[in-house]
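Residue numbers (the numbering used here): -13 to 717.
Below you can see the structure in the form of structure tokens.
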């Protein structure tokens, strides 16, 4: 990792306030989470491959895979060319062009007159180039063959040729003649002479003379002309062609035209170009939303970031939602049945699962973020996102506020209310689109509303079906899972009652203390109760080595203090292994591993010091491995465990003795390497826990009136002769 990357990573970890040992795994998990979200947003299950040949029939109907538009470069270029041609060139007239042209014509005609006069009655075959050249000292406007033909012209024809040619030159000179248009103007000369009366030879001579006499009378300003034409070209609005999603481009069996091929190929290129931009867009959008998600977790549920299972669960629910939505939208698009998107939208079901598995407020916030992504997946189909979000929110609120004892019934009822919210939202949205409400569309609207309501039913069924598997896979301590574990007839508790009855009774009493204390300080009472039930299950491996299960003989009498401490410490590891074997939630397993923290096994530690005759004894060898309690529930169980065990040693369970015992044990835990300093308990919490323990223990060991007569436990007549003697009052 580069120095800059390491700096960014360190800053991120400081911002998230994660423990050092959690940071590497969190980085891997978040990287996978982020990559999965971007991939799901980017992946496209529909392919666009226009395999057509110009002039052949289309093998299938080809439709636009999504709403797309592009600029038709061919038509745009044609329009620009036409617009350029409409622009007249910028012309500068040559002032003396006409005079020079007529002067040239006059000189030639004078020379031609002398030539024809001398050779009119002579044989033209006698004319040689040298002879012809002697008559024409200026431009020759006729070639030698034309001059030989002109030698036969009469004086009248020469005069006519002179007059007609001059007039034609004057007429043509009225037009703009440039180097670019000169050849075109010369081509018009023959059209004019062909319509005149006269011999073909005369017409040919006239045509050649006029053609060769014509001169450029204007100069085109190419730079200015080019600038005007470029401006005209730029003024042409590009021809934009748009296709809606599902719009037909080519029907099956229709002959494919060149324009069809061009459109399909252009669409294919445009889609490929859009894919690259889409990837960057999805990357930015996913990064922003996940940053918001992390910020919310950091501020409200930091424990999710700390615990790998909870973070993986949150990420898994996100990925499951987006992937399901992507598949549903793809299938609905393929079959042109968009009602399927409403029926199988995963957002309400995920909302119900989040309430059950994580937290109510967390479910609401994450549904909002997922609703935004659902709108993106549905290509800005706001109706689907709005309906799913409203239904999911109402289902979440309903499930959170439900007070029924039947969990499956609660989920089903929440699903029905989510479906009702979907239906109401759809009716409202359809009313907003009043133009499309008519009897012809009534059946389609009813189907749409029914699919919206059905989505709530599907959400309830899906949440009920998926919940047990998610709880098991992630080993979650959800409310429903904890309620199941509260049943004392479940296998592990039955084993504890049969194989270690003393530990079983101890665990029940610790559970009562823990639940009451947790409820008093607004901790999770149910979690504390279940953690207390299972906190000592590791004793099942060697039950007779623990005093509460012993009858006559103490198993530790034959062991060294070191071996005895190893056995006691071992019940922590054995308990965690057994809990995982029975698929208990990891939060319960953590309570098992933390309920002794790193406290000292003082009895065997003192015995070891006695046995070694004053030699140094390592205190670390007689401490539990920890960790110290990391949560309020773990700290409560630690205190309740010690208080319940110690209370059994009291000779009398009076209020003052119980109060003194509780305060002594709590003080000991605080002094013994600050066992409670990582649990987030405040001094006010500890005081309230103490008072709760005192109240519960006093009620557990309350006094009773002795039965009279044969059932009396007192000597006959009682100490003072009264058969109904009351228990002694405490001091």
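Beta carbons are placed, not taken as given, at the ideal position from N, Cα and C, and that holds for glycine.
Distance between residue j and residue i (C-alpha atoms, nearest Å)
i: residue 525; j: residue 593; result: 22 Å
i: residue 717; j: residue 637; result: A caution first: residue 717 carries a pLDDT of 33, below 50, which makes its placement in the model too unreliable to give a value.
i: residue 710; j: residue 503; result: In this prediction, residue 710 scores a pLDDT of 35, lower than 50, which makes its location untrustworthy; the coordinate-derived value is nonetheless stated afterwards. Whole-angstrom Cα-Cα distance: 37 Å.
i: residue 290; j: residue 364; result: 30 Å
i: residue 648; j: residue 581; result: 17 Å
i: residue 394; j: residue 356; result: 25 Å
i: residue 615; j: residue 380; result: 38 Å
i: residue -10; j: residue 263; result: 27 Å
i: residue 171; j: residue 246; result: 42 Å
i: residue -8; j: residue 59; result: 49 Å
i: residue 168; j: residue 44; result: 50 Å
i: residue 568; j: residue 50; result: 55 Å
i: residue 119; j: residue 104; result: 14 Å
i: residue 707; j: residue 642; result: With a pLDDT of 34 at residue 707, under the threshold of 50, the modelled position of that residue is not reliable, and the figure given next carries that caveat. Each residue's Cα considered, the two are about 29 Å apart.
i: residue 14; j: residue 269; result: 18 Å
i: residue 320; j: residue 266; result: 26 Å
i: residue 552; j: residue 397; result: 47 Å
i: residue -4; j: residue 30; result: 36 Å
i: residue 644; j: residue 626; result: 13 Å
i: residue 276; j: residue 310; result: 19 Å
i: residue 199; j: residue 236; result: 59 Å
i: residue 467; j: residue 392; result: 13 Å
i: residue 331; j: residue 248; result: 38 Å
i: residue 630; j: residue 492; result: 7 Å
i: residue 563; j: residue 358; result: 43 Å
i: residue 403; j: residue 383; result: 10 Å
Unbroken alpha helix (DSSP H) run spanning residue i, endpoints
i: residue 69; result: 59 to 72
i: residue 310; result: 294 to 320
i: residue 644; result: 641 to 657
i: residue 531; result: Element bounds for residue 531: n/a, residue is neither H nor E.
i: residue 595; result: 588 to 597
i: residue 181; result: Where residue 181 is concerned, there is no enclosing alpha helix (DSSP H), given that its DSSP letter is neither H nor E.
i: residue 23; result: 9 to 28
i: residue 670; result: 669 to 686
i: residue 633; result: 618 to 633
i: residue 579; result: 572 to 580
Start and end residues, beta strand (DSSP E) containing residue i
i: residue 227; result: 226 to 229
i: residue 77; result: 77 to 79
i: residue 553; result: Here residue 553 belongs to no beta strand (DSSP E); instead the alpha helix (DSSP H) covers 547 to 567.
CB contact flag (residue i, residue j, <8 Å)
i: residue 437; j: residue 329; result: yes
i: residue 335; j: residue 244; result: no
i: residue 489; j: residue 532; result: yes
i: residue 234; j: residue 47; result: yes
i: residue 164; j: residue 76; result: no
i: residue 307; j: residue 344; result: no
i: residue 133; j: residue 101; result: yes
i: residue 499; j: residue 682; result: yes
i: residue 349; j: residue 377; result: no
i: residue 523; j: residue 471; result: no
i: residue 28; j: residue 253; result: no
i: residue 159; j: residue 86; result: no
i: residue 222; j: residue 69; result: yes
i: residue 575; j: residue 610; result: no
i: residue 385; j: residue 400; result: yes
i: residue 577; j: residue 623; result: yes
i: residue 618; j: residue 667; result: yes
i: residue 452; j: residue 339; result: yes
CB contact check: residue i to chain D, cutoff 8 Å
i: residue 57; result: The displayed structure is made up of one protein chain only, and chain D is not part of it.
Checklist entry - Would you call the region -8 to 4 and the region 190 to 207 in contact, with 3 or more CB pairs under 8 Å? => result no
Checklist entry - Does the region 483 to 497 come close enough to the region 457 to 465 that 3 or more CB-CB pairs lie under 8 Å? => result no
Next on the checklist: Does the structure place the region 137 to 154 close enough to the region 49 to 64 that three or more beta carbon pairs sit under 8 Å?
Outcome noted: no
Next on the checklist: Quick check for students: name the residue ranges of the alpha helix (DSSP H) that lie wholly in the region 369 to 418, counting only runs of 4 or more.
Outcome noted: 393 to 418
Next on the checklist: Suppose only complete runs of 3+ residues qualify. What are the beta strand (DSSP E) ranges in the region 198 to 269, listed by chain order?
Outcome noted: 204 to 206, 226 to 229 and 234 to 236
Checklist entry - Taking the runs of the alpha helix (DSSP H) that are 4 residues or longer, which of them lie wholly in the region 333 to 360? => result 333 to 343
Checklist entry - Do the region 439 to 449 and the region 474 to 481 meet, that is, are 3 or more Cβ pairs less than 8 Å apart? => result no
Next on the checklist: When you compare the region 664 to 678 with the region 494 to 511, are there three or more beta-carbon pairs, one atom per stretch, that lie closer than 8 Å?
Outcome noted: yes
Item to check | Sufficient close CB pairs (3 or more, under 8 Å) joining the region 129 to 136 to the region 176 to 194 | outcome: yes
Next on the checklist: When you compare the region 8 to 16 with the region 280 to 298, are there three or more beta-carbon pairs, one atom per stretch, that lie closer than 8 Å?
Outcome noted: yes
Next on the checklist: Three Cβ pairs or more, each shorter than 8 Å: is that satisfied between the region 652 to 665 and the region 528 to 542?
Outcome noted: no
Next on the checklist: Report the start-end ranges of each alpha helix (DSSP H) in the region 112 to 176 that is 4 residues or longer and not cut off at the edges.
Outcome noted: 115 to 121, 130 to 136 and 141 to 158
Item to check | In chain order, each alpha helix (DSSP H) run of at least 4 residues that lies wholly inside the region 461 to 511 | outcome: 465 to 471, 477 to 485 and 487 to 506
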